[in-house]
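Following my numbering, the residues of the sequence shown are numbered contiguously, the last one being 633.
The beta-carbon is built from N, C-alpha and C at its ideal position, and this holds for glycine as well.
Input: a single structure, listed below in structure tokens.
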Amino acid sequence: MSLGAFVLISALGVFLVVNHTRSLEKDLINKMTIMSEDIVDHNIYTESSKSLKEFFMFKSNHHKESFERYISNIEFKYVDALKEELPHLSIVKKLPNGSYLIISSSSNYIDKEVKKLLLNLLIVLISILGIIIFGLHLLLKKLLFPLKCLVDYCHNSPNTISASLKCEGSYEVNSLRKAIIELQGTNKRLCQEKQEIFKEAAHEIKTPIAILKARLSLFKKSDMSKEDFVKESNGDIATISNKLRELIFLKAIEWDIRQAKESVQIQNQCLMMQQLFKPILEKKALKMISNFEDDFSVFIHKESMGRVMQAIFENIFTHTKNGTTVEIYIDAKKQQISVVNEIGETSDDMLFSSQIGTKLIERLAQELEYEYSAHEEDDFFYTAISFKGKL
């Protein structure tokens with residue numbers, strides 16, 4: 243913008259200089275024309291050319307305007323015939339005696355006046371550019387203040403989100419401010435959740451590790467057989483492994499939630515779970531029936547949704563009695579999946595424990611916008627997951 247203003251003012255300056263030069267030249271020619279007419283009117287053309295110059299210098303009050311500023315650069319010359327090329331600033335007057343009077347002038351006076359104009363224009367140009375640059379500085383400072391405010395806010399990392407509310411600006415700036423605040427809130431929440439996960443995992447792992455260490459220290463002093471010791475130690479290790487699997491599972495979920503959402507068909511998710519757990523179904527001799535005539539879709543993080551469904555079905559198969567039937571119902575109107583199974587006494591060590599799976603599912607309900615419920619009644623286990631929004 244400053245460059246544009248400079249070019250514009252420079253072009254205007256060139257126009258003024260050229261116009262002023264032409265005006266001065268025209269004015270000088272007019273003055274010399276008046277002088278030639280005066281010479282003829284007052285019959286002083288018989289005087290020498292030097293006398294003519296002295297006449298106008300000493301009798302400058304002869305005219306309404308003084309010729310003093312012009313006369314010093316003017317020369318008078320008589321010729322009998324016009325043979326040579328005339329200077330740029332000159333006129334020719336034919337005299338009554340048949341000769342010619344040539345009045346010419348140098349450009350010194352005009353050059354001096356043009357230099358004065360250039361100096362004035364330069365001062366004006368610098369002043370205008372200074373004003374424009376200063377004005378643009380103030381304007382940009384005002385316009386960019388919200389961005390600077392947001393940058394300072396991000397660098398200083400204030401403790402309270404409300405501190406950024408003063409960074410008001412254009413729609414784009416306000417949108418950026420809102421996104422930063424939301425991102426900060428999300429990061430803060432994720433950090434808190436991560437801390438809670440590690441605290442919980444550390445707490446739950448601490449006990450089985452302590453038990454395993456105690457068992458190792460007492461093994462030499464006890465009468466326990468090696469087979470029994472290995473069996474019980476493997477149980478402790480399996481418990482620790484389950485806790486670690488939960489932590490890894492949650493870390494994978496946390497990454498998946500950062501990915502873009504997409505449309506997910508619920509019926510496909512249920513079919514995928516049946517295919518995934520097919521070996522477990524066969525091992526426990528389970529039969530599954532479902533009403534796959536109904537279906538609905540949700541706009542969600544697909545990978546996270548798959549992991550949650552996996553945890554839900556792991557819980558279901560953990561509680562299901564061998565050789566029984568698992569019933570799956572899809573209700574598109576309620577946007578709900580319901581599962582009913584008969585409660586069994588045994589579980590599969592390869593699956594999550596019901597306690598761990600339930601914590602996983604409940605912890606992710608808010609992030610993935612669903613409601614989860616599970617309860618036991620009359621030797622049956624009822625599971626339901628309802629989604630808050632349909633695509």
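Own chain residues within Cβ distance below 7 angstroms of residue i, not counting five before or after
i           : result
residue 576 : 628
residue 550 : 603, 606 and 610
residue 324 : 334 and 342
residue 563 : 584, 585 and 586
residue 451 : 482
Backbone secondary structure at residue i - three-state DSSP
i           : result
residue 573 : strand
residue 339 : coil
residue 323 : coil
residue 592 : Since pLDDT at residue 592 reaches only 46, below the 50 mark, its modelled position is unreliable, and no value is offered.
residue 257 : helix
residue 417 : helix
residue 405 : With a pLDDT of 46 at residue 405, under the threshold of 50, the modelled position of that residue is not reliable, and the figure given next carries that caveat. Reduced to three states, the DSSP call for residue 405 is helix.
residue 505 : strand
residue 275 : helix
residue 567 : strand
residue 252 : helix
residue 288 : coil
residue 469 : helix
residue 317 : strand
residue 387 : helix
residue 629 : strand
residue 541 : strand
Cα-Cα separation between residue i and residue j, rounded to whole angstroms
i           : j           : result
residue 255 : residue 262 : 10 angstroms
residue 510 : residue 474 : 41 angstroms
residue 368 : residue 383 : 22 angstroms
residue 519 : residue 469 : 32 angstroms
residue 345 : residue 253 : 35 angstroms
residue 206 : residue 434 : Since the displayed the chain opens at 243 and closes at 633, residue 206 lies outside it and no answer follows.
residue 543 : residue 528 : 30 angstroms
residue 502 : residue 467 : 55 angstroms
residue 352 : residue 266 : 6 angstroms
residue 402 : residue 609 : For residue 402, the pLDDT reaches just 48, beneath the cut-off of 50, and the residue's location in the model is therefore unreliable, leaving the point undetermined.
residue 602 : residue 387 : 44 angstroms
residue 282 : residue 356 : 32 angstroms
residue 630 : residue 611 : 6 angstroms
residue 250 : residue 347 : 34 angstroms
residue 535 : residue 579 : 13 angstroms
residue 477 : residue 572 : 38 angstroms
residue 317 : residue 365 : 35 angstroms
residue 194 : residue 454 : Absent from the structure is residue 194, since the part of the chain shown begins at 243 and ends at 633.
residue 268 : residue 390 : 58 angstroms
Residues near residue i in its chain [Cβ-Cβ closer than 6 angstroms; skip 5 each side]
i           : result
residue 416 : none
residue 561 : 585 and 623
residue 307 : Because the pLDDT at residue 307 is just 49, under 50, the model does not fix this residue reliably, and the value given afterwards should be weighed accordingly. Once the five neighbours on either side are set aside, residue 307 has no close Cβ partner at all.
residue 337 : 287 and 343
residue 504 : 544
residue 566 : 584
residue 569 : 531 and 582
Where the beta strand (DSSP E) through residue i begins and ends
i           : result
residue 580 : 578–584
residue 529 : 529–532
Limits of the unbroken alpha helix (DSSP H) element including residue i
i           : result
residue 545 : 544–561
residue 524 : 520–525
Contacts around residue i, its chain only, beta-carbon distance under 8 angstroms, and the 5 residues preceding and following it disregarded
i           : result
residue 258 : 359 and 363
residue 461 : 471
residue 297 : 286 and 289
residue 304 : A caution first: residue 304 carries a pLDDT of 47, below 50, which makes its placement in the model too unreliable to give a value.
residue 328 : 334, 344 and 346
Any chain C beta carbon closer than 7 angstroms to residue i
i           : result
residue 519 : Of the chains in the structure shown, none is chain C; there is only one protein chain.
Closer than 6 angstroms: residue i CB and nearest the ligand ZN heavy atom
i           : result
residue 353 : Because no ligand of any kind appears in the structure shown, any question about the ligand ZN cannot be addressed here.
Q: Tell me the start and end of each unbroken alpha helix (DSSP H) in the region 596–623 that is at least 4 residues and wholly inside, in chain order.
A: 596–605 and 607–610
Q: Write down every uninterrupted run of the beta strand (DSSP E) in the region 336–377 whose length is 3 residues or greater and which is fully enclosed by it, in chain order.
A: 342–347
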